[in-house]
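Novice:
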C-alpha cells in the first residue's frame with residue numbers, strides 16, 4: 701500500500717490518498733502516476749494524517765513498519781488546527797478525520813506497538829520533525845537526494861531488508877537472510 705498526504709488547505713480526498721494493498725507492482729505504479737503535488741501552504745504538511753492512517757491500518761491488519769518521504773516538516777499542533785479552521789469543524793466531522801491529531805501521539809501509538817517509522821526528508825527544512833518521528837518510533841531518518849542514483853538503492857535496500865527481517869522472524873533467520881542479501885547486492 702502506498703499513501704500520499706498533503707496540507708489541510710485541500711479537501712479530505714486530496715489531503716490523503718491511498719492505494720489498495722497490492723502484490724502487483726504495476727498497480728502501485730499506476731496509482732503513483734495519478735499523484736501530483738498540490739495544496740502546499742508551507743511550512744508543514746499533514747504528516748500526522750499519514751501516521752494516523754498507519755495506526756488505523758494496523759488496528760485492522762498488523763503492519764511491520766511505516767516509511768515517510770516528504771519535502772516539508774510535519775505540522776506543529778497549532779498549525780494543524782489553524783489549517784483545519786479554514787473549512788470548519790462541521791466539514792471535518794463529515795470526514796474520517798473528525799478529530800485533530802498531531803504527529804507526536806500518533807508516533808507514540810506506533811511505538812507502543814513496536815512499529816518503526818523510517819523517514820526520508822527531501823529538503824533540509826523537514827529534517828527536525830522527520831528525525832523526531834524516527835526517534836519516537838525507533839526508526840531511522842535520512843536525507844534523500846532525489847537527484848542521486850544512490851537514493852533509489854538506499855530505498856530499495858531499506859524495503860528489502862525490512863521484508864527479509866519480517867520473513868526471517870518465523871524461523872529466526874532474519875540476520876542470515878539480510879547478510880546474504882547484502883553479500884549479493886551491496
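In the numbering used here, the protein residues as written are 701 to 886.
Ideal Cβ placement from N, Cα and C applies to all residues, glycine included.
Should residue 789 be labelled buried (16 or more other beta-carbon atoms within 10 Å of its own) or exposed?
Specialist: Per the 10 Å Cβ criterion, exposed.
Novice: Give me the DSSP bridge partner(s) of residue 767.
Specialist: Paired residue(s): 818.
Novice: I need the boundaries of the alpha helix (DSSP H) containing residue 718, first residue and last residue.
Specialist: Here residue 718 belongs to no alpha helix (DSSP H); instead the beta strand (DSSP E) covers 716-718.
Novice: Just how far apart, CA to CA, sit residue 845 and residue 781?
Specialist: Near 31 Å, if we compare the C-alpha coordinates of residue 781 and residue 845.
Novice: For residue 900 versus residue 775, is the C-beta distance shorter than 8 Å?
Specialist: Past the edges of the chain, shown from 701 to 886, lies residue 900, and the structure says nothing about it.
Novice: Which same chain residues end up closer than 7 Å to residue 758 when comparing Cβ atoms and leaving out the 5 residues on each side of it in sequence?
Specialist: Cβ within range, chain order: 813 and 815.
Novice: Roughly how many angstroms lie between the CA atoms of residue 861 and residue 818, to the nearest whole one?
Specialist: Residue 861 and residue 818: Cα-Cα distance of roughly 13 Å.
Novice: Residue 879: buried (16+ other C-beta within 10 angstroms of its C-beta) or exposed?
Specialist: Exposed, by the Cβ-count rule.
Novice: Would you please state the rounded distance, in angstroms, between the beta carbons of residue 773 and residue 826? I believe it to be under 8 Å.
Specialist: With a Cβ gap of about 5 Å, residue 773 and residue 826 count as contacting.
Novice: Suppose contacts are defined by Cβ-Cβ distances below 8 Å. Is residue 764 in contact with residue 707 by that definition?
Specialist: Against a cut-off of 8 Å, the Cβ pair of residue 707 and residue 764 comes out as no contact.
Novice: List the DSSP bridge partners of residue 745.
Specialist: Residue 745 is bridged to 774.
Novice: Determine the direct distance from the alpha carbon of residue 868 to that of residue 822, and round the result to whole angstroms.
Specialist: Cα to Cα, residue 822 sits roughly 31 Å from residue 868.
Novice: Give the straight-line distance between the Cα atoms of residue 783 and residue 804, rounded to the nearest whole angstrom.
Specialist: Distance between the alpha carbons of residue 783 and residue 804: 18 Å.
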